[in-house]
Structures are given as structure tokens and as C-alpha cells.
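Colleague: First, the structure itself, so that you have it in front of you.
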Amino acid sequence: MTETVLETQGLTKYYGSTLALDHMNLQIPRGCICGFVGRNGAGKTTAIKLMLGLLRPTAGSSRLLGCDSQQLEPVIRQRIGYVTEGHRLFRWMSINELEKFQRAFFPKHELEKFQRAFFPKQWDDKFFADMIEYFGLPRKRKIKHLSNGERAQVSLALALVPNPELLIMDDPTLGLDAAIRRQFLEGMIELIMREGRTVLFSSHILGDVERVSDRIAVIDKGVLRANCSLEEFRAAVKKVVLSFADSTPADVDIDGLLHLRRSEKELELILVGTADEQIAEWAKSNRAQNHQIVQMNLEDQFIEYTAPANHRRLFRWEEK
Amino acid sequence: MRFSTLLRKELRESLPWMLLAAIIFLAIGGFSLRQVQLGGWYDWSERYFSSRPITETYGLQYRRSPLQIIGPVLLLTSIGLGLVLGVRHFWIPYFTRTWPFLIHRSVDRKTIFWAKLTAAIITFLISIGAVWAAFYSYSCDPERFAMMPIKRIFIEGWLFVLLGLVVYLGTALTALSTARWYTTKIFGLAFATVIIFATILEWRLGRAFAAIIIGAVILLSQNIDSISNREF
Numbered sequence: 001m002t003e004t005v006l007e008t009q010g011l012t013k014y015y016g017s018t019l020a021l022d023h024m025n026l027q028i029p030r031g032c033i034c035g036f037v038g039r040n041g042a043g044k045t046t047a048i049k050l051m052l053g054l055l056r057p058t059a060g061s062s063r064l065l066g067c068d069s070q071q072l073e074p075v076i077r078q079r080i081g082y083v084t085e086g087h088r089l090f091r092w093m094s095i096n097e098l099e100k101f102q103r104a105f106f107p108k109h110e111l112e113k114f115q116r117a118f119f120p121k122q123w124d125d126k127f128f129a130d131m132i133e134y135f136g137l138p139r140k141r142k143i144k145h146l147s148n149g150e151r152a153q154v155s156l157a158l159a160l161v162p163n164p165e166l167l168i169m170d171d172p173t174l175g176l177d178a179a180i181r182r183q184f185l186e187g188m189i190e191l192i193m194r195e196g197r198t199v200l201f202s203s204h205i206l207g208d209v210e211r212v213s214d215r216i217a218v219i220d221k222g223v224l225r226a227n228c229s230l231e232e233f234r235a236a237v238k239k240v241v242l243s244f245a246d247s248t249p250a251d252v253d254i255d256g257l258l259h260l261r262r263s264e265k266e267l268e269l270i271l272v273g274t275a276d277e278q279i280a281e282w283a284k285s286n287r288a289q290n291h292q293i294v295q296m297n298l299e300d301q302f303i304e305y306t307a308p309a310n311h312r313r314l315f316r317w318e319e320k
Numbered sequence: 001m002r003f004s005t006l007l008r009k010e011l012r013e014s015l016p017w018m019l020l021a022a023i024i025f026l027a028i029g030g031f032s033l034r035q036v037q038l039g040g041w042y043d044w045s046e047r048y049f050s051s052r053p054i055t056e057t058y059g060l061q062y063r064r065s066p067l068q069i070i071g072p073v074l075l076l077t078s079i080g081l082g083l084v085l086g087v088r089h090f091w092i093p094y095f096t097r098t099w100p101f102l103i104h105r106s107v108d109r110k111t112i113f114w115a116k117l118t119a120a121i122i123t124f125l126i127s128i129g130a131v132w133a134a135f136y137s138y139s140c141d142p143e144r145f146a147m148m149p150i151k152r153i154f155i156e157g158w159l160f161v162l163l164g165l166v167v168y169l170g171t172a173l174t175a176l177s178t179a180r181w182y183t184t185k186i187f188g189l190a191f192a193t194v195i196i197f198a199t200i201l202e203w204r205l206g207r208a209f210a211a212i213i214i215g216a217v218i219l220l221s222q223n224i225d226s227i228s229n230r231e232f
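If you're matching them up, the sequences are chains A and B in order.
Residue numbers for the first sequence follow our numbering, so the first one is 1 and each next one is one higher.
Residue numbers for the second sequence follow our numbering, so the first one is 1 and each next one is one higher.
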């Protein structure tokens, strides 16, 4: 049986009268990289802060590494790496000072590369030096003088070096250019290659999620809409274009219908979890001339999956 | 190790304010004392700082201790430093969004709070307490001043230093509160203000000290509760 390292049950958060998170039930098994995706204001940061016990839930609970988030012991926190949104670090510290500060909260050991995987929650000076050198960061420079990308790299190094069992990152690649994002993701993969490490990272950049994740959790307006393997999600969300000789059918009653767009002789359907055979059968029974399942990338799938039912164009000059 | 690391960080963040407070207090206090020594401000201070014209009423030779002249400077510097440190330690991390980075580590929140408070106490001791002690020892030399400072004035000065810490705790409580300004958020600062007036208006040292201690304990317990339960 796979061990669950992160679990939420009915996690709910209200800010005043605003519902930020609605009964979220999320399980993340050990050893996976889970992309936590959602639009702006969907509730990703709130969910992450609730999981880490930085916020108090209005209802429900969450457990990290078997411990209630609201009572996370310092020893448990030591096993969890956290990269904050926007990589907020102490601006007056230099990289060296920040390393010294962070190191004080972990037992220190000089480990060989192969040993690191077996000694979680221990600070490794050599590994930190390796990462800083790899990223090409000036160690004496103060955080306030670093660019966004450089701060992100320092942030990742600080979170990775203690070799956490669980790494939670809140939009870590926000504002980074493609090259730095690539480096950042490689750093993350480095962590996962060690046995039993788990990563949860929220992101707007679906390409990143597709590149590194093996699991995806989709949150929309505070509701967890999907929590499955990436392959399952990729296979489940489909776009089908059907052409008709005369006109499109008035009623479309196919299982898994999410959105429907209609033109004179064409019907575009967004379906979730509908089998290809079922689509073919429906097309035949409704006398479609032909039907085509359009390949979508993850970004398109995500946009369609989270689009509101009545989504309209931003600009509607033609209609005026 | 962890506490000392946190303490060093807080002390480093307090350092500019520690120096500034020490410089202000040293400059204004030193200048005032020097003026008193030269005899220039004696009459002036008597005229403006005395609440009652004792010399006129009783025909006595009224002389103020030189240290009394810098009492208001000490009080204002102490209150100012308390406010600034409270803002630096508890408000600025909110604006710079560094609370989550500080909180998520292998220490409990109370340790973080104690590190901040200890840093504030050290800052007060160095920047105001040490300067005040230096002024006292300077004033005790009979070759410099005709009138020797009495111990009571020295102790009063330390009460003012403690008042600065009360203001620090009040500012911290206000900063940690998530309530609105017009509701309970203002409690910390308002309560500290009450303690300041209660202390200044009380001429018996024991009672003034008791007011400060009671106020500080109330604010401290509220602060510990706030930091343990606050959302970051």
C-alpha cells in the first residue's frame, strides 16, 4: 500500500464571508511530484498555507507526514521544505549569511553525494556550495541586490539542501525566464531522484507541470476539481469537433459534457472521461458527417477544464 | 543554537535603531548636561519644567538635579525606540511577507517571539540603559556638579526604560492583531499609553513599578497567545 504523505479532509477556509477553499480532499502519495494548478485566486496559496499550519482552517483538517498541520512539531517541520511565494527572504542578509542562518536549524553533516539520499533533514554544506556554484550566484551579495531569478535559486537551494522528505513550493517559477525555470526544474528533479522524496508545487505554467509532474491537482474557485495522475488527466479531457450536413442537433446529451460551442454546421465539445467509442457512437446516432478528437496540450486542457460555463469573449465589438 | 541564531538575526535588524537611539539620547542628553554644568540652563529648566514655582511659594533655594533635566529626553527616546522596534520586529515582516519563511522552521513560534523580545531588551539596555548609567556616573562627580543626583532619579530613569519595553510589547500586540484598527487592534498601543500615564502620574516608585510590571505581564501574555495562534 502506498503511503500518503499529505492528506487533507474537507479542508475549508473562509476569509470573512469569502469562501477561499471549499472542502478540499487531497491525497498525495510518497515519491511523486504533484503539480498544483489553478487560476489566479483559485485558492492555491491558501491551501498550501493551511497544509503548513500557517493558516487555520474554518473546517476540515490536513495531515503532513502523519502529523496534524495545526500541531506541526518542529521536528516534523524540519522534514518539510517550503519555498514561499515570491521567494521572500531576509533582504539584508547575504547568501552566506542566509546559509548560516538556515543551517542552524538542521544537524550539520558532510555527506558524499550517494549518502545524501539516506540522510534526510541534515544540512550539507557541500551540497549548498554545489548548488550555488551551479546557479553561478555571488555568495557575498545581499538578497536585496539579487534579481527575482537569483532569489528563486537561493530559495530552492535553501529548501533542497536539508534533503526534505516533502517539498512544498508556492508558485516557485513565477516571474522567472525560461532558462532559469529550466534550471529550477532540474534542481527539483535532482531531489526527486532520491528515494521517497515528494514534491507539491503550485504553478501557473502548465508546461512546467507537464515537464516534471507525474500527478496533477486542479483547483478552481476553491474547489478541488481533479486529483489524479498526469496521464489520467491528459487522457480524460478531450476536445471533439463534429461536422453535420444540415444543422447541429438541438440537444446534446453525451456523458461527460463540460462545454459546448456551436456554429452553423459544426459542434465543438469538451468532454471529460468520455471513452472514444462512446464519442463515435454518439456521433453516429446524431448523424454527424465526421468527428475528430483534437489533440490538446495540457495548457489547453486546463483552460477548457476550468473555464466557466458561460465564458464570453473579453472584447465584443462585433456584437455592438 | 537555534535561539542564538534567531537572536543574532533580530539583533542585527535592531542594530540601526539601537545606534540611532543611543546617538540621539547621547547627543541631546549630553548637550543638556553640559549646559547644566556650565550653568546656562539652570534657570531655564526651573522656569519651564517645574510644575509649581516652589522658590516663590516657600522662598526655598530650589535646585534641580542635573539628571532630571534629561528625564523627558530619556522618556521620549525610550518610547520612540519601543515603537520603532515593535514595528521592525512585528510589522515589517508582514509587509515584506517574510513571516512564512521565518515561521516554517524547526522551532516553535514562542521561541521566535522570545528571540525578538530578548533582542529588544538587549537593544534597550545598550542604547538607553548604558547611556543613562553613564550619565548618572558622570553626574555623580562632585567636581562637575554642585548638586549630586539622588538614586531615586536614577531608578526613575530605569522605569522610563521599562516603559519603552511596555510600548514595544504594545506595538507588537497591535501588529500581531488581525482585527480592524477601530476595534481591538488598537488595544496594545492604547494599553501601553495607559501604562505610560499611570507611571508618570504616580510619584511613588513602588506603585509606578507595579503598574509597569502588571502592564508588561498582561501585554506579554497577550503577545504569546497572539503569536501562537496568529495566521501568517
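C-beta: ideal position from N, C-alpha, C; glycine also.
Mind checking who F36/A pairs with in its DSSP beta bridge?
Modeller: According to DSSP, which records beta bridges pairwise, F36/A is partnered with S202/A and A217/A.
Colleague: Check distances from the C-beta atoms of the stretch 96 to 118 of chain B to those of chain A and list, in chain order, the residues that come in under 7 angstroms.
Modeller: Listed by position along the chain: T96, R97, T98, P100, F101, I103, H104, R105, S106, V107 and D108.
Colleague: In chain order, which beta strand (DSSP E) runs of at least 3 residues are fully inside the stretch 98 to 139 of chain B?
Modeller: Segments of the beta strand (DSSP E) lying fully in the stretch 98 to 139 of chain B: there are none.
Colleague: Residues of chain B with CB closer than 8 angstroms to the CB of G86/A, please, in chain order.
Modeller: Neighbours of G86/A on chain B, chain order: R97.
Colleague: If you reduce the DSSP assignment to three classes, tell me which class A288/A lands in.
Modeller: Three-state DSSP puts A288/A in a strand.
Colleague: Would the stretch 99 to 109 of chain A and the stretch 175 to 191 of chain A be scored as touching if the rule is three or more Cβ pairs under 8 angstroms?
Modeller: Touching, no.
Colleague: Let me know the secondary structure DSSP gives L146/A once reduced to three states.
Modeller: Reduced to three states, the DSSP call for L146/A is coil.
Colleague: Pull up the CB-CB distance for A47/A and L6/A, whole angstroms please, since I reckon it's below 8 angstroms.
Modeller: Contact flag wrong, Cβ pair sits at about 11 angstroms.
Colleague: Considering Cα atoms alone, identify which of Q122/A, A59/A, K44/A and M93/A is closest to R79/A.
Modeller: Comparing Cα positions, the closest option is Q122/A.
Colleague: Between the Cα of R287/A and those of Y305/A, L267/A and M296/A, spot the shortest distance and give me the residue it belongs to.
Modeller: When each option's Cα is compared against that of R287/A, the closest is L267/A.
Colleague: Please classify T18/A: does DSSP put it in a helix, a strand, or coil?
Modeller: Reduced to three states, the DSSP call for T18/A is strand.
Colleague: Cα separation between H89/B and S139/B?
Modeller: Their Cα atoms are separated by approximately 35 angstroms.
Colleague: Just list the residues that DSSP pairs D68/A with in beta bridges.
Modeller: DSSP, once it has assigned bridges, lists R63/A as partnering D68/A.
Colleague: Spell out the partners DSSP gives Y82/A in its beta bridges.
Modeller: BP columns for Y82/A point to I168/A.
Colleague: Please state whether DSSP places E277/A in a helix, a strand or coil.
Modeller: Here E277/A sits in helix by DSSP.
Colleague: Determine, using beta carbons only, whether T5/B comes closer than 7 angstroms to chain A.
Modeller: Yes, T5/B lies at the interface with chain A (some Cβ there is under 7 angstroms from its Cβ).
Colleague: Bridge partners of M24/A, per DSSP?
Modeller: Beta-bridge pairing links M24/A to L11/A.
Colleague: Taking 7 angstroms as the threshold (C-beta atoms), are F101/B and T84/A in contact?
Modeller: It is a contact, given that the beta carbons lie within the stated cut-off.
Colleague: With which residues is N227/A paired in a DSSP beta bridge?
Modeller: DSSP lists A217/A as partners of N227/A.
Colleague: Please tell me whether L26/A and P57/A are closer than 7 angstroms, where the distance is taken between their beta carbons.
Modeller: Taking 7 angstroms as the Cβ cut-off, L26/A and P57/A do not qualify as a contacting pair.
Colleague: Tell me whether the beta-carbon of K239/A lies closer than 7 angstroms to the beta-carbon of V294/A.
Modeller: Yes, they are a contact pair.
Colleague: How close, in whole Å, do the beta carbons of P172/A and A157/A come, if the pair is a contact with beta carbons under 8 angstroms?
Modeller: P172/A to A157/A, Cβ: 12 angstroms. No contact.
Colleague: For a contact meaning CB atoms closer than 7 angstroms, what does F197/B contact in chain A?
Modeller: Here the premise fails: no neighbours, minimum Cβ distance about 35 angstroms.
Colleague: If I follow the unbroken beta strand (DSSP E) through F145/B, where does it start and stop?
Modeller: Run containing F145/B: none; DSSP gives neither H nor E here.
Colleague: Given K185/B, which residues of its chain have a CB within under 7 angstroms of its CB, disregarding the five upstream and five downstream residues?
Modeller: Here the set comprises T174, S177 and A179.
Colleague: Is the distance from the Cβ of L163/B to the Cβ of T199/B below 7 angstroms?
Modeller: Yes. Within cutoff.
Colleague: Between which two residues does the beta strand (DSSP E) containing V252/A stretch?
Modeller: Premise fails: V252/A is in no beta strand (DSSP E) and is neither H nor E.
Colleague: If we count Cβ pairs, one from each stretch, closer than 8 angstroms, do we get three or more for the stretch 248 to 265 of chain A versus the stretch 202 to 218 of chain A?
Modeller: Too few Cβ pairs lie closer than 8 angstroms, so no.
Colleague: Mind listing which residues of the stretch 137 to 165 of chain B have their C-beta closer than 7 angstroms to chain A's C-betas, in chain order?
Modeller: Against chain A - using a Cβ distance shorter than 7 angstroms - the stretch 137 to 165 of chain B contributes no residues.
Colleague: If we count the other Cβ atoms within 10 Å of its Cβ and call it buried at 16 or more, is I54/B buried or exposed?
Modeller: Any reading at I54/B must be qualified, since the residue scores a pLDDT of 47, below 50, and its modelled position is unreliable; the value itself is stated next. So I54/B counts as exposed.
Colleague: State the DSSP-derived secondary structure class of E268/A, mapped to helix, strand or coil.
Modeller: Note: E268/A maps to strand in three-state DSSP.
Colleague: For L200/A versus F36/A, is the C-beta distance shorter than 7 angstroms?
Modeller: Yes, Cβ-Cβ distance for L200/A and F36/A is below 7 angstroms.
Colleague: With L249/B and F191/B assumed to form a contact (beta carbons below 8 angstroms), what rounded beta-carbon distance in angstroms separates them?
Modeller: Residue 249/B lies beyond the residue range present for chain B, which begins at 1 and ends at 232; the question has no answer from this structure.
Colleague: Take G82/B and list the residues in its own chain whose beta-carbon comes closer than 6 angstroms to its own, dropping the five residues that flank it on each side.
Modeller: Excluding positions up to five away in sequence, the list reads G164, V167 and Y168.
Colleague: Please list the terminal residues of the continuous alpha helix (DSSP H) segment that includes M126/A.
Modeller: The question names Met, but residue 126/A in the sequence shown is Lys. First-last of the alpha helix (DSSP H) with K126/A: D125 to F135.
Colleague: Closer than 9 angstroms by beta-carbon distance: list the chain A residues that pair up with M18/B, in chain order.
Modeller: Within chain A, no residue comes near M18/B; the closest Cβ sits about 15 angstroms away, beyond 9 angstroms.
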